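**Q** Heads up: the sequence shown begins at 102 in my numbering, then just goes up one per residue.
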Amino acid sequence: MIIAAIKTFPLRIPFKPGPPSEASAWGPKDLHAVDTLLTRVTTDEGLEGWGESFGFTGLPVTRRAIDDVIAPLCIGQDPSQIVPLMLDVQKKLHVFGRGGPLTHALSAVDIALWDIAGKIAGVPLHRLLGGGQADLPCYASLDAYGHPDLVRHAVRQSADAGFAGVKLHEKQFSVISAAREEAGPDVDIMVDVNCAWTVHEALAKAEELLPLKLKWLEEPVWPPENYSGLAQVRRAGVPIAAGENVPTLIEFDRLFGAGAVNYVQPSPAKVGGVTELCKAFTLASVHNVPVMPHSFYDGPGLLAALHTVAVMGTSDSMVEWRYFDLEAQIYGDQLIPKQGRVDVPQGPGLGMDPDPDVISTYLNAQFAA
Numbered sequence: 102m103i104i105a106a107i108k109t110f111p112l113r114i115p116f117k118p119g120p121p122s123e124a125s126a127w128g129p130k131d132l133h134a135v136d137t138l139l140t141r142v143t144t145d146e147g148l149e150g151w152g153e154s155f156g157f158t159g160l161p162v163t164r165r166a167i168d169d170v171i172a173p174l175c176i177g178q179d180p181s182q183i184v185p186l187m188l189d190v191q192k193k194l195h196v197f198g199r200g201g202p203l204t205h206a207l208s209a210v211d212i213a214l215w216d217i218a219g220k221i222a223g224v225p226l227h228r229l230l231g232g233g234q235a236d237l238p239c240y241a242s243l244d245a246y247g248h249p250d251l252v253r254h255a256v257r258q259s260a261d262a263g264f265a266g267v268k269l270h271e272k273q274f275s276v277i278s279a280a281r282e283e284a285g286p287d288v289d290i291m292v293d294v295n296c297a298w299t300v301h302e303a304l305a306k307a308e309e310l311l312p313l314k315l316k317w318l319e320e321p322v323w324p325p326e327n328y329s330g331l332a333q334v335r336r337a338g339v340p341i342a343a344g345e346n347v348p349t350l351i352e353f354d355r356l357f358g359a360g361a362v363n364y365v366q367p368s369p370a371k372v373g374g375v376t377e378l379c380k381a382f383t384l385a386s387v388h389n390v391p392v393m394p395h396s397f398y399d400g401p402g403l404l405a406a407l408h409t410v411a412v413m414g415t416s417d418s419m420v421e422w423r424y425f426d427l428e429a430q431i432y433g434d435q436l437i438p439k440q441g442r443v444d445v446p447q448g449p450g451l452g453m454d455p456d457p458d459v460i461s462t463y464l465n466a467q468f469a470a
């Protein structure tokens, strides 16, 4: 069996009509749609595996990396040799950087190959990795709203839906404070500021946020690789989470060595797929740091996180659930949290394939040529 074809599918799924949002790290002000990049790997025997790359405004670059750079290195290769194939591709491409769009692209192919491996074996991915839980806790990861009333409404919706934790993408104290007031003491509040502040600014913000008893403050420091700066902010008393922008295992080791985080957040659609995600879990366990994967996705990137957490997660681990009100979901109604928990798919491979009607309806004509 060999890899016969690799095809990318850029999707743009609009939000349902609702309140406007502020500018966010992943799109412009008043974001109207979410861009997602799916990848399908097909073998010469007709087996298909699905993967996902980090998308949003970087989607065109990542897509070119898959189509023009990575696919030619993978077509004709044995799909069952996932680890050696991915290592070989990494070595051939390392001169172009060890992160960013190339690694995001490689992540999608890796996830798709693990999907195929599970389908060949006739078991779900978590079984291939050693077993796992049947369902997992998740937290609601919200859009950036920028206004106390809008955030209160979103937090109340999340809590009413049964989520025990809510992550904000907000920077203003008044907005974060409103979320805490609305949530009450029994709902965890996390805040992701997407590397917004200098260390000096982050220290001042951390002191201001201390009374709100956040579960964590995520990526408070620019640049994201300033691990000593993260450690300084952590010593101010607010728990720190980071790791979605850490590109390699060696960098994760540096992050842990600096004592920078209370929670680490490797991202399957950024770090190199399931292969590298599993390595990050193992390294985190050596340092006794709980893993909270970044899974701000709706497709195979989310499923990759679910299966891996089901096997390698600890009692602290939660899955990030992007709580966006989109016109359509990539898996339709097959994957929906209930009372803050989500079932781990039990079908072969990732457990489910993207809805072909969703793909055909929301294929982004701007990039689909």
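Where a beta carbon is used, it is the ideal one built from N, C-alpha and C, also for glycine.
Given the structure is predicted, the values throughout are model-derived calculations rather than measurements.
1) Put GLY330 into one of helix, strand or coil per three-state DSSP.
2) Pairs of beta-carbons, one from the region 186-195 and one from the region 150-161, closer than 8 Å: are there three or more?
3) If the criterion is Cβ atoms closer than 9 Å, does the pair GLY266 and ALA241 meet it?
4) For GLY433, count the other beta carbons within 10 Å of its own beta carbon; 16 or more makes it buried, fewer makes it exposed. Which is it?
5) Which residues mark the beginning and the end of the beta strand (DSSP E) in which TRP422 is found?
6) Using only CA atoms, which one of PHE116, THR143 and GLY147 lies nearest to HIS133?
7) For TRP298, which residues in the same chain have their Cβ closer than 7 Å to its Cβ, ignoring the five residues on either side in sequence?
8) What residue from GLY360, GLU345 and VAL362 has the CA that sits closest to ALA370's CA?
9) Just verifying my parser: in three-state terms, what is the DSSP assignment at ARG281?
10) Between VAL288 and GLU271, which are expected to be in contact by the criterion C-beta below 8 Å, what is the C-beta distance as a whole number of angstroms?
11) When DSSP labels each residue in this structure, what does ASP456 get in the three-state scheme?
12) Would you call the CB atoms of GLU153 and GLY400 closer than 9 Å?
13) Bridge partners for SER242 per DSSP, in chain order?
14) Roughly how many whole angstroms lie between the Cα atoms of GLU421 and LEU404?
15) Could you check whether GLN447 and TRP235 sit closer than 9 Å to each other, using their CB atoms as the reference points?
16) Go to GLY152, then tell me how far its beta strand (DSSP E) extends in each direction, as first and last residue.
17) Give me, in chain order, the residues of the same chain whose beta-carbon lies closer than 8 Å to that of VAL184; leave out the 5 immediate sequence neighbours on both sides.
18) SER461: which of THR109, LYS268 and PRO312 sits nearest, CA to CA?
19) Can you tell me whether DSSP reads PRO225 as helix, strand or coil?
20) Rounded to a whole number of angstroms, what is the C-alpha to C-alpha distance between TRP127 and PRO325?
21) Would THR349 pass as a contact of VAL372 if the rule is Cβ separation under 9 Å?
22) For ALA218, which three-state DSSP category applies?
23) Assign PHE353 to one of three DSSP states: helix, strand, or coil.
24) Tell me the DSSP secondary structure of LYS314 in three-state form.
25) Could you check what DSSP says for PHE397 in three-state terms: helix, strand or coil?
26) Between the C-alpha atoms of ASN389 and LEU243, what's the straight-line distance to the nearest angstrom?
27) Is the number of C-beta pairs between the region 210-222 and the region 413-429 that are closer than 8 Å three or more?
28) Alpha carbons only, please: which of PRO111, GLU302, VAL300 and SER208 is nearest the one belonging to ASP136?
29) In this structure, what does DSSP give as the bridge partners for VAL392?
30) Excluding sequence positions up to five away, which residues of its chain have a Cβ less than 7 Å from the Cβ of PHE197?
31) Expressed to the nearest angstrom, what Euclidean distance is found between the alpha-carbon atoms of GLY452 and ARG228?
32) Less than 8 Å between C-beta atoms, sequence neighbours within five positions excluded: which residues of the same chain meet that for GLY450?
33) Under a Cβ-count criterion, where at least 16 other Cβ atoms within 10 Å of its own Cβ denotes burial, should SER493 be classed as buried or exposed?
34) What residue from ILE104, ILE114 and ILE103 has the CA that sits closest to GLN430's CA?
35) Between the Cα of VAL292 and those of LEU194, GLY223, PHE353 and GLU319, spot the shortest distance and give me the residue it belongs to.
36) In the structure shown, what three-state DSSP assignment does ILE183 receive?
**A** According to the structure data:
1) helix
2) no
3) yes
4) exposed
5) 420-423
6) PHE116
7) LYS306, PRO321, VAL322 and TRP323
8) GLU345
9) helix
10) Not a contact, Cβ separation roughly 15 Å.
11) coil
12) yes
13) LYS268 and ARG423
14) 11 Å
15) Per the sequence shown, the amino acid found at residue 235 is Ala instead of Trp. Going by C-beta atoms, ALA235 is nearer than 9 Å to GLN447.
16) 149-154
17) THR376
18) THR109
19) strand
20) Confidence at TRP127 is low in this model, with a pLDDT of 46, below 50, so its placement is unreliable and the value that follows should be read with caution. Distance between the alpha carbons of TRP127 and PRO325: 16 Å.
21) yes
22) helix
23) helix
24) coil
25) coil
26) 28 Å
27) no
28) PRO111
29) VAL365
30) LEU203
31) 11 Å
32) GLY150, TRP215, ASP216, ILE217, ALA218, GLY219, LYS220, PRO225 and LEU226
33) Shown here, the chain extends from 102 to 470; a query on residue 493 therefore has no answer.
34) ILE114
35) GLU319
36) helix
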